[in-house]
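Enquirer: Residue numbering for the sequence shown follows the UniProt record's numbering, starting at 1 and increasing by one per position. The structure under discussion is supplied below as structure tokens; questions concerning it will follow.
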Amino acid sequence: MLLRLNWEDVLVTRYVLEHVTPDGSYVDCSDDSADNLPHMTVYFCAHKYDTEKGDFVYMDSLDGLAIFVGEQSDNVALPAANFPGLKPDSVYFTDTIGTFFWMLEHPYYSEYDAPYGGHDIGIFNYEASCYYPCDVKSIQRILPSPMWFFPSSFAAPGGVTSGSRHPNFPYDEYVYSLKQQILFGLRNDRYLETWDLRDKLSPPRMIMLSKKLDLNYYVESKDAEEKPKRLFMPVKQLVVVDHHLLLVKRYVIEHVTPDGSYVDYYDDRAVNLPHMTVYFNAHKYDHEKGDFVYMDLLDGLTLFVGEQSDNVVLPAVRFPGLKPGSVYFTDTIGT
1 MLLRLNWEDV
11 LVTRYVLEHV
21 TPDGSYVDCS
31 DDSADNLPHM
41 TVYFCAHKYD
51 TEKGDFVYMD
61 SLDGLAIFVG
71 EQSDNVALPA
81 ANFPGLKPDS
91 VYFTDTIGTF
101 FWMLEHPYYS
111 EYDAPYGGHD
121 IGIFNYEASC
131 YYPCDVKSIQ
141 RILPSPMWFF
151 PSSFAAPGGV
161 TSGSRHPNFP
171 YDEYVYSLKQ
181 QILFGLRNDR
191 YLETWDLRDK
201 LSPPRMIMLS
211 KKLDLNYYVE
221 SKDAEEKPKR
231 LFMPVKQLVV
241 VDHHLLLVKR
251 YVIEHVTPDG
261 SYVDYYDDRA
271 VNLPHMTVYF
281 NAHKYDHEKG
291 DFVYMDLLDG
301 LTLFVGEQSD
311 NVVLPAVRFP
321 GLKPGSVYFT
331 DTIGT
């Protein structure tokens, strides 16, 4: 993984044994017992990019930094001297593999059926080349694997950041407001959740929606609703505007012909036909109603949305060339 440390690019490499016994001994993948034995991180090394050599050079020390790495996490380096309790020259790691290997061999099972995963958590002392993993035998598994989250690392235009994560991540979508210091998360079960990060030690959590989010296509007439519900696949994205939370719903037809005609998923031609975005609508969260309310207009704003992107809102009047009341979008589904 690549990190930016003191304006320099650093490549951090993590070494994981695929299968180990409770005492940490390696077991080959071909061994019959390997299938039910967990993986374990055993080593890290870091290389700094040397612009003169045009290559990465091994680092003997992390210069007093504490590095945080993990799957679907913000990989961040902090000066340990500024944060009492952090171990300098150490790598704090969470599980990056989870149930991946087991699911390859058992594709028809749930990850919760796996005998391991979400356990590979610990601290690696870089200078001493030793690690302090959590006890694999006694740790309570955490699925999906835990992640690091650093609000101060976000610097998106407009003071917000957002994104979507791994399919096993408990949130379909999230957005963090720097102004409010609140993390909004749209859960897999379609409820909206908030974390007030002004309380750094114990941020309170609250469920904001009084009912599950309605993902149906918005139409003025209920009589016209059935067909859009069947045709479209909704993609949800959260955006913060000042102190308002917006939910932008993107409607994508899964398979279309070159002229834009819809092709049903069960049609033999569908596998080679692309998807296409055909519609957007926006809803603003109403605190009194405890629900999102449909917006007729974007009030002169321009929205930018996309997969793995910062979902940003800009006032078009301040940026010549932007189209007001418009959504600029990139592909959220890809391949």
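For each residue, glycine too, the CB sits at the ideal point set by N, CA and C.
I333: which of V252, D32, I123 and C45 sits nearest, CA to CA?
Expert: Cα-wise, what sits closest to I333 is V252.
Enquirer: Quick one: using the 10 Å Cβ neighbour count with 16 as the cut-off for buried, is Y176 buried or exposed?
Expert: With 16 or more other Cβ atoms within 10 Å, it is buried.
Enquirer: Verify whether the separation of the beta carbon atoms of Y126 and D89 is less than 7 angstroms.
Expert: Contact flag set, yes.
Enquirer: Evaluate contact between the segment 31-39 and the segment 55-71, counting only Cβ atoms and requiring at least three cross-stretch pairs below 8 angstroms.
Expert: Cβ pair count under 8 angstroms is below three, so no.
Enquirer: Can you list, in chain order, the residues of its chain with a C-beta nearer than 6 angstroms to that of T13? Leave out the 5 residues immediately preceding and following it.
Expert: Cβ neighbours of T13 beyond the five flanking positions: C45.
Enquirer: Taking the alpha carbon of Y174 as the reference point, which residue from K236, G118 and L201 has its own alpha carbon closest?
Expert: Nearest of K236, G118 and L201 to Y174, Cα basis: K236.
Enquirer: Specify whether the segment 258-269 and the segment 191-211 touch according to this definition: at least 3 beta carbon pairs, one from each stretch, less than 8 angstroms apart.
Expert: Touching, no, given that fewer than three Cβ pairs across the two stretches are closer than 8 angstroms.
Enquirer: Rounded to the nearest angstrom, what separates S164 and E307 at their Cα positions?
Expert: In this predicted model, S164 has a pLDDT of only 41, less than 50, meaning its place in the structure is not dependable; the value taken from the coordinates is given anyway. Their backbone Cα atoms lie some 7 angstroms apart in a straight line.
Enquirer: Using DSSP with H/G/I as helix, E/B as strand and the rest coil, what is Y131?
Expert: The answer is strand: DSSP assigns Y131 an E or B state.
Enquirer: What three-state label does DSSP hand A46 in the structure shown?
Expert: Reduced to three states, the DSSP call for A46 is strand.
Enquirer: Beta strand (DSSP E) containing R205: first to last residue?
Expert: Taken as a continuous stretch (DSSP letters only), the beta strand (DSSP E) holding R205 covers R205 to I207.
Enquirer: Since I123 is in the beta strand (DSSP E), which residue starts that stretch and which ends it?
Expert: Looking at the DSSP string, the run of the beta strand (DSSP E) that includes I123 is G122 to N125.
Enquirer: Let's see if you can read the secondary structure: which residues bound the beta strand (DSSP E) around E111?
Expert: Note, E111: premise wrong, no beta strand (DSSP E); not H, not E.
Enquirer: Whole angstroms is fine: what's the gap from V69's alpha carbon to P204's?
Expert: Whole-angstrom Cα-Cα distance: 25 angstroms.
Enquirer: Answer yes or no: do A77 and L86 have a C-beta to C-beta separation smaller than 7 angstroms?
Expert: No, the Cβ-Cβ distance between A77 and L86 is not below 7 angstroms.
Enquirer: In or out: N311 buried (at least 16 other Cβ within 10 Å) or exposed?
Expert: Under this definition N311 is a buried residue.
Enquirer: Rounded to whole angstroms, how far is the Cβ of V305 from the Cβ of M276, which I believe are closer than 8 angstroms?
Expert: With 8 angstroms as the limit, V305 and M276 do not qualify as a contact, their Cβ atoms being about 16 angstroms apart.
Enquirer: Residues bridged to R250 by DSSP?
Expert: Answer by DSSP bridge pairing, in chain order: V235 and F280.
Enquirer: Give me the DSSP bridge partner(s) of L3.
Expert: Paired residues: V10.
Enquirer: Provide the residue span of the beta strand (DSSP E) that contains L178, from first to last.
Expert: No beta strand (DSSP E) holds L178; DSSP gives it neither H nor E.
Enquirer: Among T99, D120, M40 and A80, whose alpha-carbon lies nearest the alpha-carbon of residue 380?
Expert: Summary: the structure shown does not reach residue 380, with the chain confined to residues 1 through 335, and so no result is reported for it.
Enquirer: Hey, would you say L298 sits closer than 7 angstroms to G325, going by beta carbons?
Expert: Closer than 7 angstroms, so yes.
Enquirer: Kindly identify the DSSP beta-bridge partner or partners of G185.
Expert: Answer is Y174 and E193.
Enquirer: Of the residues Y116, K200 and Y15, which one's Cα is nearest the Cα of P22?
Expert: Ranking the options by Cα distance to P22, first place goes to Y116.
Enquirer: On the three-state DSSP scale, how would you describe D35?
Expert: D35 falls in the helix class under three-state DSSP.
Enquirer: Look at L192 and L183 and say whether their C-beta atoms are less than 7 angstroms apart.
Expert: It is not a contact, given that the beta carbons lie outside the stated cut-off.
Enquirer: Using the C-alpha atoms, what's the distance from S30 back to P157?
Expert: Residue placement at P157 is poorly supported in this model, since its pLDDT is 32, which falls under 50; the coordinates still yield a value, given next. Cα to Cα, P157 sits roughly 51 angstroms from S30.
Enquirer: My output table needs one value for D95: the three-state DSSP class, helix, strand or coil.
Expert: Three-state result, D95: coil.
Enquirer: Within 10 Å of its beta-carbon, does R250 have 16 or more other beta-carbons around it, so buried, or fewer, so exposed?
Expert: Buried, because 16 or more other Cβ atoms sit within 10 Å of the Cβ of R250.
Enquirer: If we define contact as Cβ-Cβ less than 7 angstroms, is D299 a contact residue for chain B?
Expert: In the structure shown, chain B cannot be found, because there is only a single protein chain.
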